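S.K.: Here the numbering used here is used: the first residue of the sequence shown is 12, the next is one more, and so on.
Structure incoming, see below.
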Amino acid sequence: MEVTVPNYFLHVGVGVTSLLLVTIFVPGYVRILWIFLGNKSYRSLECYQIMIQIGIAQTMTGPSWFFTGLAHITQHDYGRLAEWSYKLTGAMVRAEALLSVLLAVNRLRIICNWKLTHVVKEKSQFKIMYAACSVVWIWSFIPLGVFVSGAADFLVNPKEFLPRYDYSKPYSKLLQDFGSNQLIATSLITLVLYLVTVTYLVYSQCKVGISSEFKKEKAILAHALARFVFEFSAAVLYNLGKYFLPVSDYVSIFVFFTYPFNNLVLPPLLYLTLYKIIREEFFGRNKETAATLFTVSHNNPASRF
């Protein structure tokens with residue numbers, strides 16, 4: 012399919028925008044992850060270990076948007092870099108969605124003060140978390156193995172705005188359907204867990220009276236709802252949009268950018284706008300090492316994430 016001159020300008024716009032998103036937001040996101048990794052008071056906590064893994068998964072989607080951007084500008088996917096990095100992105104998106112469920116479970120357990128230590132010791136809880144995360148990563152890389160085997164394929168055509176599965180391969184349709192259903196299901200499960208968490212927070216505050224610290228708790232809801240709205244929208248538009256969206260280059264471009272926005276732009280913006288301590292450390296204003304993100308008070312069980 013030949014690309015006309017006006018259409019080529021659209022491809023250049025998509026390519027340049029993709030490159031800018033990666034070069035601007037990935038370094039900032041890496042900076043936030045470095046704050047978590049370099050600070051023992053962060054990385055020693057279970058929730059931050061999961062958050063770091065989520066961040067790693069999201070930043071590893073960067074190469075796909077970078078190489079796809081180059082492919083749109085040059086109208087050629089050199090070395091199939093865009094195609095294979097996009098396949099890696101599929102694994103990272105699945106991992107991020109499942110890790111988000113684990114993070115939501117962790118927050119629910121801590122805020123609701125579930126005393127699992129009566130059954131298993133604290134060290135055992137970390138082992139369970141490590142095992143669960145390992146299963147998530149292994150499970151998420153299985154589709155990549157299917158691609159390598161040739162049983163399914165995912166194509167990036169720089170003359171088209173959206174990559175697509177190659178249905179001539181026997182397992183491509185199965186892989187697509189299973190992946191899209193998994194993403195939608197995990198998004199809904201995560202939302203339910205956060206709604207239960209916030210409901211418990213509101214209930215506990217109503218019992219003792221609304222305190223000034225309650226404002227900190229609202230960040231949990233804002234963060235969770237923002238993540239759900241964009242994750243769920245991206246999953247639905249990208250995987251099911253062909254059934255209800257109009258056929259248009261501009262619609263395809265909009266759908267194309269849902270995932271880079273969700274994985275590279277939104278997370279660092281949420282961290283920097285919702286959490287003061289991260290913002291201060293990011294800009295070098297705060298040298299203290301107290302992990303107070305998602306906290307309520309020192310004596311409140313919800314504070315010890």
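Even glycine gets a Cβ: it sits at the ideal position worked out from N, Cα and C.
Note that this is a predicted model, so its numbers are computed, not measured.
On the DSSP bridge assignment, give the partners of Tyr205 in chain order.
M.R.: Position 194 of the sequence shown holds residue 205. Per DSSP, none; premise fails for Tyr205.
S.K.: Just verifying my parser: in three-state terms, what is the DSSP assignment at Phe189?
M.R.: Walking along the sequence shown from the start, residue 189 turns up at place 178. Three-state DSSP puts Phe189 in a helix.
S.K.: May I have the straight-line CA-CA distance separating Leu30 from Tyr254, to the nearest angstrom?
M.R.: On the sequence shown, position 19 is the one that residue 30 refers to. On the sequence shown, position 243 is the one that residue 254 refers to. So the two alpha carbons sit approximately 29 Å from each other.
S.K.: Can you grab the Cα-Cα spacing for the pair Gly24 / Tyr261, in whole Å?
M.R.: The residue labelled residue 24 in the question sits at position 13 within the sequence shown. The residue labelled residue 261 in the question sits at position 250 within the sequence shown. C-alpha separation (whole angstroms): 11 Å.
S.K.: For Phe137, name the three-state secondary structure that DSSP assigns.
M.R.: For the purposes of this step, residue 137 is taken as the residue at position 126 of the sequence shown. Note: Phe137 maps to helix in three-state DSSP.
S.K.: Sorted by chain position, which residues of the same chain lie with C-beta nearer than 7 Å to Leu281's C-beta, five sequence neighbours on each side aside?
M.R.: The sequence position of residue 281 within the sequence shown is 270, counting from 1. Contacts found: His234 and Ala237.
S.K.: Could you tell me if Arg105 is buried or exposed, where buried requires 16 or more neighbouring beta carbons within 10 angstroms of its beta carbon?
M.R.: On the sequence shown, residue 105 is found 94 positions in, with the first residue counted as 1. Answer is buried; the Cβ neighbour count reaches 16.
S.K.: Is the region 84-93 in contact with the region 47-54, if contact means three or more CB pairs nearer than 8 Å?
M.R.: Touching, no, given that fewer than three Cβ pairs across the two stretches are closer than 8 Å.
S.K.: Assign Leu256 to one of three DSSP states: helix, strand, or coil.
M.R.: Here the question's residue 256 lines up with position 245 in the sequence shown. Coil, per DSSP.
S.K.: Let me make sure I understand the geometry here. Which of Cys123, Leu155, Phe152 and Ser145 has the alpha-carbon closest to that of Tyr214?
M.R.: As a working note, residue 214 is residue 203 in the sequence shown. When only C-alpha atoms are compared, the closest one is Cys123.
S.K.: Going by beta carbon distance, what residues of the same chain come within less than 6 Å of Ile195, once the five residues before and after it are set aside?
M.R.: If you number the sequence shown from 1, residue 195 lands on position 184. Correct list, in chain order: Ala246.
S.K.: Please list the terminal residues of the continuous alpha helix (DSSP H) segment that includes Thr100.
M.R.: By 1-based counting over the sequence shown, the position of residue 100 is 89. Here the alpha helix (DSSP H) through Thr100 covers Leu92 to Ile122.
S.K.: Taking the alpha carbon of Tyr205 as the reference point, which residue from Gln216, Leu114 and Asn192 has its own alpha carbon closest?
M.R.: Locating residue 205 in the sequence shown gives position 194, where the first residue counts as 1. It is Leu114 whose Cα lies nearest to the Cα of Tyr205.
S.K.: Residues in its own chain within less than 6 Å of Pro271 by CB, not counting five upstream and five downstream?
M.R.: Along the sequence shown, one-based indexing puts residue 271 at 260. So the list reads Leu32 and Trp76, once near-sequence residues are dropped.
S.K.: Please state if the CB of Leu110 and the CB of Cys58 are separated by a distance shorter than 8 Å.
M.R.: What you label residue 58 is simply residue 47 of the sequence shown in a count that begins at 1. What you label residue 110 is simply residue 99 of the sequence shown in a count that begins at 1. No.
S.K.: Alpha carbon to alpha carbon, how far is Phe265 from Leu119? Give it in angstroms, no decimals.
M.R.: Here residue 119 is taken as the residue at index 108 of the sequence shown, counted from 1. Here residue 265 is taken as the residue at index 254 of the sequence shown, counted from 1. Between Leu119 and Phe265, the C-alpha separation is close to 34 Å.
S.K.: The alpha helix (DSSP H) with Phe268 in it runs from where to where?
M.R.: Walking along the sequence shown from the start, residue 268 turns up at place 257. No alpha helix (DSSP H) contains Phe268, which DSSP labels as neither H nor E.
S.K.: Just curious, the alpha helix (DSSP H) that Phe294 is in, first and last residue?
M.R.: Locating residue 294 in the sequence shown gives position 283, where the first residue counts as 1. Here Phe294 belongs to no alpha helix (DSSP H), and DSSP marks it neither H nor E.
S.K.: Taking the continuous alpha helix (DSSP H) assigned at Gln64, which residues delimit it?
M.R.: As a first step, residue 64 is located in the sequence shown; it is residue number 53 there, counting from the start. Element bounds for Gln64: Glu57 to Thr70.
S.K.: With Phe78 as the anchor, note down where its alpha helix (DSSP H) starts and where it stops.
M.R.: As a first step, residue 78 is located in the sequence shown; it is residue number 67 there, counting from the start. Element bounds for Phe78: Gly73 to Thr85.
S.K.: In terms of DSSP beta bridges, what is Leu280 paired with?
M.R.: Within the sequence shown, numbered from 1, the residue matching residue 280 stands at position 269. DSSP, once it has assigned bridges, lists no residue as partnering Leu280.
S.K.: Would you identify the three-state DSSP class for Leu166, choosing helix, strand or coil?
M.R.: Start at 1 with the first residue of the sequence shown, and residue 166 comes out as number 155. Strand at Leu166.
S.K.: Assuming Phe293 and Leu283 are in contact, meaning their beta carbons sit under 8 Å apart, how far apart are those beta carbons, in whole angstroms?
M.R.: Taking the first residue of the sequence shown as 1, we reach residue 293 at position 282. Taking the first residue of the sequence shown as 1, we reach residue 283 at position 272. Indeed, because the Cβ distance is near 6 Å, the residues count as touching under 8 Å.
S.K.: Would DSSP call Tyr178 helix, strand or coil?
M.R.: Taking the first residue of the sequence shown as position 1, residue 178 is located at position 167. Coil, per DSSP.
S.K.: Lys138: which of Gln60, Leu81 and Tyr176 sits nearest, CA to CA?
M.R.: Here residue 138 refers to the residue found at position 127 of the sequence shown. Of the listed residues, the one whose Cα sits closest to Lys138 is Gln60.
S.K.: Along the alpha helix (DSSP H) that carries Tyr53, what are the first and last residues, could you check?
M.R.: Stepping through the sequence shown from its first residue, residue 53 is reached at position 42. Here the alpha helix (DSSP H) through Tyr53 covers Lys51 to Arg54.
S.K.: Where Lys218 and Thr210 are concerned, what is the direct C-alpha to C-alpha distance, given to the nearest angstrom?
M.R.: Along the sequence shown, read from residue 1 onward, the residue named residue 218 stands at position 207. Along the sequence shown, read from residue 1 onward, the residue named residue 210 stands at position 199. So the alpha carbons of these two residues sit roughly 12 Å apart.
S.K.: Quick one: residues in its chain with C-beta nearer than 6 Å to the C-beta of Leu248, no 5 flanking neighbours on either side, listed in chain order?
M.R.: Indexing the sequence shown from 1 puts residue 248 at position 237. Excluding residues within five positions, the ones whose Cβ falls inside 6 Å are Val266 and Thr269.
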